[in-house]
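Residue numbers (this note's numbering): 1 to 202.
Each residue gets a CB set at the ideal place from its N, CA and C atoms; glycine is no exception.
Predicted, not measured: the structure shown is a model, and the values here were computed from it.
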């Protein structure tokens, strides 16, 4: 594939659309209270590692997602339903002030779970990428994804500054508010994919 062909496929409107759709799904700003809470729990998030691993997973799923799921005999609807349940439990942690995900392993970092998956590179992001691939040119989707990952890195690096600017009371209220938002997202993701799952089973 030549550079001239790739350049000819560039479309600012498609790049902007892909960026906006992925930005809404990844919702890194909405996850800021989660990052702050994890830090307060002594579970730090490595911004570089989280960004690069998330980008790697999203790129891998973009190019090989269908084949990867078929290898394990799992369809995208089942994957999305499973991801929605993880997000649901995380929202309950934020709303009810309970600890559901206990870190029993030797690694205390929250970089992989739950930051990389399911917050940044979860079922919603995977499903969205597959949907975009059917509508937009690959190069435009990849540029939109890369721009999102740059923004994710900036937000993760700025978490400590946000924590210093916002009072503990405001963080607590934000945590409750975004807990409800996460709950709504999990329900929407669950219901949207459950019908597809039941149709496949039927």
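Go ahead and label residue i buried or exposed: buried means 16 or more other beta carbons lie within 10 angstroms of its beta carbon, across all protein chains shown.
i	result
residue 131	exposed
residue 98	exposed
residue 7	exposed
residue 73	exposed
residue 186	buried
residue 70	exposed
residue 136	buried
residue 90	buried
residue 96	exposed
residue 141	buried
residue 165	exposed
residue 47	buried
residue 168	exposed
residue 123	buried
residue 4	exposed
Leaving out five residues on either side along the sequence, give the residues of the same chain with a beta carbon under 6 Å from the beta carbon of residue i.
i	result
residue 93	100
residue 28	152, 155
residue 191	none
residue 61	126
residue 49	111
residue 86	118
What span of residues does the alpha helix (DSSP H) with residue i cover, start to end?
i	result
residue 66	47 to 71
residue 217	Here the chain comprises residues numbered 1 to 202, so residue 217 is not present and cannot be evaluated.
residue 8	3 to 9
residue 40	32 to 40
residue 81	76 to 96
residue 100	Neither: residue 100 is in no alpha helix (DSSP H) and is coded neither H nor E.
residue 16	12 to 26
Taking 8 Å as the cut-off, is the CB of residue i close to at least one heavy atom of the ligand NAD?
i	result
residue 179	What this structure holds is no ligand at all, so the ligand NAD is not there to describe.
Go through its chain and collect everything with a Cβ distance to residue i's Cβ below 8 Å, but skip five positions before and after it.
i	result
residue 45	35, 38, 39, 109, 110, 111, 115, 156, 159
Among residues of its own chain, excluding the 5 on either side of residue i, which ones have a beta-carbon nearer than 7 Å to its beta-carbon?
i	result
residue 149	51, 54, 55
residue 19	144, 147, 148
residue 208	Because residue 208 is not part of the residues shown, which for the chain are 1 to 202, the question remains open.
residue 196	77
residue 270	Beyond the ends of the chain as shown, which are 1 and 202, falls residue 270; an answer cannot be given.
>> Assess contact between the region 161 to 179 and the region 51 to 61, defined as three or more Cβ pairs (one per stretch) separated by less than 8 Å. Is contact present?
In response: Contact between the region 161 to 179 and the region 51 to 61 is not established, with fewer than three Cβ pairs separated by less than 8 Å.
>> For the structure I just gave you, are there three or more beta carbon pairs, one from the region 116 to 127 and one from the region 10 to 20, closer than 8 Å?
In response: As far as the Cβ criterion goes, the region 116 to 127 does not touch the region 10 to 20, which means the pair count is below three.
> Taking one C-beta from the region 168 to 188 and one from the region 24 to 40 each time, how about it: are there three or more such pairs within less than 8 Å?
Replying inline: Judged by Cβ distances under 8 Å, the region 168 to 188 makes contact with the region 24 to 40, as three or more pairs qualify.
> Is it a yes or a no for the region 185 to 199 touching the region 79 to 87, going by three-plus beta-carbon pairs under 8 Å?
Replying inline: Yes: at least three Cβ pairs fall under 8 Å.
>> So within the region 127 to 202, which uninterrupted alpha helix (DSSP H) runs reach at least 4 residues, ignoring any that extend past its ends?
In response: Complete alpha helix (DSSP H) runs here, min 4: 138 to 157, 159 to 165, 168 to 201.
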